[in-house]
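Here the structure comes first, spelled out in structure tokens, and everything after it is commentary.
Number of protein chains: 2
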Amino acid sequence: AVHAEGLGRRYGEGEAAIDALADVTVSFPKGQFAAVMGPSGSGKSTLLHCLAGLDRPTSGEVTIDGTALSGLSDRDLTVLRRTAIGFIFQSFNLLPMLTARENVELPLRIAGRLDSARVDATLADVALGDRATHRPAELSGGQQQRVAIARALVSHPTVIFADEPTGNLDSTSGHEILHLLRRAVDEGGRTVVMVTHDPRAAVVADRVLMLSDGRVVMDRPGMTA
Amino acid sequence: AVHAEGLGRRYGEGEAAIDALADVTVSFPKGQFAAVMGPSGSGKSTLLHCLAGLDRPTSGEVTIDGTALSGLSDRDLTVLRRTAIGFIFQSFNLLPMLTARENVELPLRIAGRLDSARVDATLADVALGDRATHRPAELSGGQQQRVAIARALVSHPTVIFADEPTGNLDSTSGHEILHLLRRAVDEGGRTVVMVTHDPRAAVVADRVLMLSDGRVVMDRPGMTA
Ligand SMILES: Nc1ncnc2c1ncn2[C@@H]1O[C@H](COP(=O)(O)OP(=O)(O)OP(=O)(O)O)[C@@H](O)[C@H]1O
Ligand SMILES: Nc1ncnc2c1ncn2[C@@H]1O[C@H](COP(=O)(O)OP(=O)(O)OP(=O)(O)O)[C@@H](O)[C@H]1O
Ligand SMILES: [Mg+2]
Ligand SMILES: [Mg+2]
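Chains as they are written, first to last, in the numbering used here: chain A, 662 to 886; chain B, 662 to 886.
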């Protein structure tokens with residue numbers, strides 16, 4: 662589903678240059694749940710952003726379902742992202758003036774495909790049905806994170822990128838989110854690429870990769886493989 | 662150092678009312694490291710904000726070193742916070758136009774007590790000395806979190822409130838932060854009240870409290886007590 666070939670991402674230049682990614686080649690087949698781990702600053706968010714077409718790599722290529730992202734105009738890239746990709750941001754990126762429900766509806770509204778039953782079901786999946794009319798400022802950190810998760814899942818995207826989806830969640834809520842993502846793969850045939858510091862990832866994911874200083878230094882099956 | 666008596670915090674009213682805190686009475690003596698855990702939405706951030714004078718409780722009272730917060734004007738409360746309290750926010754609250762160093766310097770500048778050697782030492786304590794000139798947008802999530810931690814510690818406050826200081830950190834970085842806070846207590850005689858989902862808290866903290874639906878439901882020694 663997603664393939665990266667010789668991916669590099671450099672910020673700055675000269676002596677101040679930072680290579681967030683250096684020569685990353687990796688494939689994520691359809692129907693796979695991969696966890697990406699690594700130290701703070703090792704390039705995990707950068708990798709996800711490049712794979713999802715949210716950032717242009719300095720070198721190398723990303724293809725999603727056979728389409729090379731570098732060949733796409735910004736407009737075509739936006740359409741691809743809107744139709745095929747769900748992204749759960751590390752910092753949630755909720756729109757503060759919209760309610761929880763309106764944030765979750767947004768991808769469907771933009772696509773002209775609003776489906777209220779699906780929005781209700783997705784909010785219920787993240788246990789936030791009773792808070793649908795609250796704005797982000799009226800929700801706890803973990804509640805906001807779950808709204809972000811619902812928004813990424815509601816359009817049933819073929820590929821879901823999740824940047825630390827359980828960082829702000831307690832053990833029970835985190836467990837529920839990991840299993841929601843697992844079900845998206847098992848029942849929906851989706852591909853999930855999840856950045857996490859959560860050791861439970863090895864139990865839930867099919868595969869665990871480790872990044873260090875912008876490179877993949879480990880790539881092994883998880884316990885469910 | 663910090664005492665809460667019958668603390669309540671209600672949002673909204675009538676049927677839509679939410680009791681984020683309900684009748685919380687708890688003391689945190691000087692030189693204690695307490696961890697506060699609990700499910701998402703259980704009131705942890707709300708408790709920290711009320712204890713630190715960042716939010717006014719609906720009912721009850723908070724005293725810090727014998728001073729009741731309710732008796733303070735907003736100006737006096739601000740002075741108390743500036744001189745005695747360090748707060749590590751769940752969402753970091755860094756100023757985006759300032760560099761990492763300038764964010765960390767800010768409490769000292771406001772107090773008219775800039776000490777460049779102390780700023781350097783604190784940035785080194787969180788392993789970010791080499792990134793001091795970068796703005797928050799140029800830092801990873803965990804790097805931003807560590808800038809926030811440095812900013813809370815640089816003025817050597819007597820009480821440190823930490824809202825999920827390791828949520829975005831990998832295991833090694835998280836371990837270093839927990840030990841940095843432990844040293845602030847052991848060597849500096851400070852009081853630390855830390856909200857966390859990290860099970861390692863029980864190993865590092867003197868005491869572990871559990872919140873559920875705005876109430877303290879457990880209060881036991883940690884393993885170092
Ligand atoms: N400004 C607000 N208006 C309305 N409700 C609020 C507001 N702030 C918090 N709440 C609600 O109060 C409850 C407690 O919130 P709080 O942020 O203290 O939880 P928390 O334990 O820190 O959760 P998390 O682990 O998700 O960060 C939640 O149900 C939350 O939605
Ligand atoms: N816009 C930018 N400008 C300069 N450097 C950047 C920028 N974005 C990221 N970096 C740097 O690139 C490196 C990788 O960042 P990235 O956000 O991918 O790390 P990460 O693995 O997600 O870390 P964390 O676990 O802390 O979230 C870091 O050193 C970071 O500071
Ligand atoms: Mg990151
Ligand atoms: Mg919170």
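Just so it is clear, CB atoms sit at the ideal spot from N, CA and C, and this is done for glycine as well.
Leaving out five residues before and five after B/Val787 in sequence, what residues of the same chain have Cβ atoms less than 6 Å from its Cβ?
Spatial neighbours of B/Val787 in its own chain (CB-CB distance under 6 Å, excluding positions within 5 residues in sequence) are listed in chain order as Arg807, Ile810, Ala811.
Mind checking the stretch 697-710 of chain A against chain B and listing, in chain order, the residues whose C-beta falls within less than 9 Å of any C-beta there?
Of all residues in the stretch 697-710 of chain A, Met698, Gly699, Pro700, Ser701, Gly702, Ser703, Gly704, Lys705, Ser706, Thr707 have a Cβ within less than 9 Å of some Cβ in chain B.
Please check the pair A/His858 and B/Leu830, which I expect to be a contact at CB under 8 Å, by giving their CB distance rounded to whole angstroms.
That belief holds up - the Cβ atoms of A/His858 and B/Leu830 are roughly 7 Å apart, short of 8 Å.
Compare the C-beta of A/Thr833 against all C-beta atoms of chain B and say whether one is closer than 9 Å.
Chain B places a beta carbon closer than 9 Å to that of A/Thr833, counting this residue as a contact.
Contacting positions in the stretch 811-831 of chain A - beta carbon closer than 7 Å to chain B:
Listed in sequence order: Glu825, Gly828, Asn829, Leu830, Asp831.
Starting from the N-terminal side, write out each stretch of the beta strand (DSSP E) that is 3 residues or longer and does not extend beyond the stretch 713-758 of chain A.
For secondary structure counted as the beta strand (DSSP E) over 3 or more consecutive residues, the stretch 713-758 of chain A holds these complete runs in sequence order: 720-725, 746-749.
Going by DSSP, what residue range makes up the beta strand (DSSP E) through B/Asp824?
Bounds of the beta strand (DSSP E) holding B/Asp824 are 820-824.
By DSSP, does B/Asp680 sit in helix, in strand, or in coil?
Three-state result, B/Asp680: strand.
Taking 8 Å as the cut-off, is the beta-carbon of A/Gly803 closer than that to any non-hydrogen atom of ligand 1?
The answer is yes for A/Gly803.
Can you tell me which of A/Thr819, A/Gly704, A/Ala665 puts its alpha carbon nearest to the alpha carbon of A/Arg887?
No statement about residue 887 of chain A is possible, as the shown extent of chain A runs from 662 to 886 and does not include it.
Say whether the stretch 864-871 of chain B touches the stretch 695-715 of chain B, bearing in mind that this needs 3 or more beta-carbon pairs closer than 8 Å, one atom from each stretch.
Cβ pair count under 8 Å is three or more, so yes.
Classify A/Thr852 as buried or exposed, calling it buried when 16 or more other Cβ atoms lie within 10 Å of its own Cβ.
Answer is buried; the Cβ neighbour count reaches 16.
Hey, is B/Leu830 close to ligand 2, as in C-beta under 8 Å from one of its heavy atoms?
Between ligand 2 and the CB of B/Leu830, the shortest heavy atom gap is smaller than 8 Å.
Roughly how many whole angstroms lie between the Cα atoms of A/Asp824 and B/Gly732?
Here the C-alpha atom of A/Asp824 lies approximately 44 Å from the C-alpha atom of B/Gly732.
Taking B/Ser720 as the reference, which of B/Arg671, B/Gly702, B/Glu799, B/Arg742 has the closest Cα?
Out of B/Arg671, B/Gly702, B/Glu799, B/Arg742, B/Arg671 has the C-alpha closest to the C-alpha of B/Ser720.
My output table needs one value for A/Asp831: the three-state DSSP class, helix, strand or coil.
Coil, per DSSP.
Per DSSP, B/Gly850 is paired with what?
Paired residue(s): none; B/Gly850 is not in a bridge.
Beta-carbon neighbours of B/His836, restricted to chain A and to distances below 9 Å:
Here the premise fails: no neighbours, minimum Cβ distance about 11 Å.
Can you round the beta-carbon distance between A/Glu722 and A/Glu676 to whole angstroms, since I take them to be within the 8 Å contact cut?
Not confirmed; about 28 Å, so no contact.
Ends of the beta strand (DSSP E) at B/Arg876?
Start and end: 876-882.
For A/Gly667, does the three-state DSSP call read helix, strand or coil?
In this structure, A/Gly667 counts as strand in the three-state DSSP scheme.
If you count every other CB in all the chains shown that lies within 10 Å of the CB of B/Ala785, and 16 or more means buried, which is it?
Counting Cβ neighbours within 10 Å, B/Ala785 comes out exposed, since fewer than 16 surround it.
Between the Cα of B/Ile749 and the Cα atoms of B/Gln805, B/Ala729, B/Ala782, B/Leu730, which residue gives the shortest distance?
The option with the nearest alpha carbon to B/Ile749 is B/Gln805.
For B/Ala761, which of helix, strand or coil comes out of DSSP?
The three-state reading of DSSP puts B/Ala761 in helix, counting H, G and I together.
Cβ distance (whole Å) where A/Leu712 is taken to contact A/Val663 below 8 Å:
6 Å between Cβ atoms; contact.
Could you tell me which chain A residues have their CB closer than 9 Å to the CB of B/Ser801, listed as they occur along the chain?
Going along chain A in sequence order, the residues near B/Ser801 (Cβ under 9 Å) are Ala681, Ser701, Gly702, Ser703, Gly704, Lys705, Ser706, Thr707, Gln751.
Work out the CA separation of A/Leu741 and A/Ala888 for me, nearest whole Å.
There is no way to answer for residue 888 of chain A, as the model of chain A reaches only from 662 to 886.
Are B/Gly633 and B/Ala866 touching if we call contact CB-CB under 9 Å?
Chain B is shown from 662 up to 886; residue 633 of chain B falls before or after that span and cannot be answered.
Compare the C-beta of A/His858 against all C-beta atoms of chain B and say whether one is closer than 9 Å.
Taking Cβ atoms only, chain B reaches closer than 9 Å to A/His858, which makes this a yes.
Rounded distance between the beta-carbons of A/Gly714 and A/Ala813, thought under 8 Å
Contact doesn't hold; Cβ gap of about 15 Å is too wide.
DSSP three-state label for A/Ser706, please.
A/Ser706 falls in the helix class under three-state DSSP.
Is A/Val856 near ligand 3, going by C-beta to nearest heavy atom under 8 Å?
True, at least one ligand heavy atom lies under 8 Å from that Cβ.
In terms of residues, what are the limits of the alpha helix (DSSP H) holding A/Arg807?
First-last of the alpha helix (DSSP H) with A/Arg807: 802-814.
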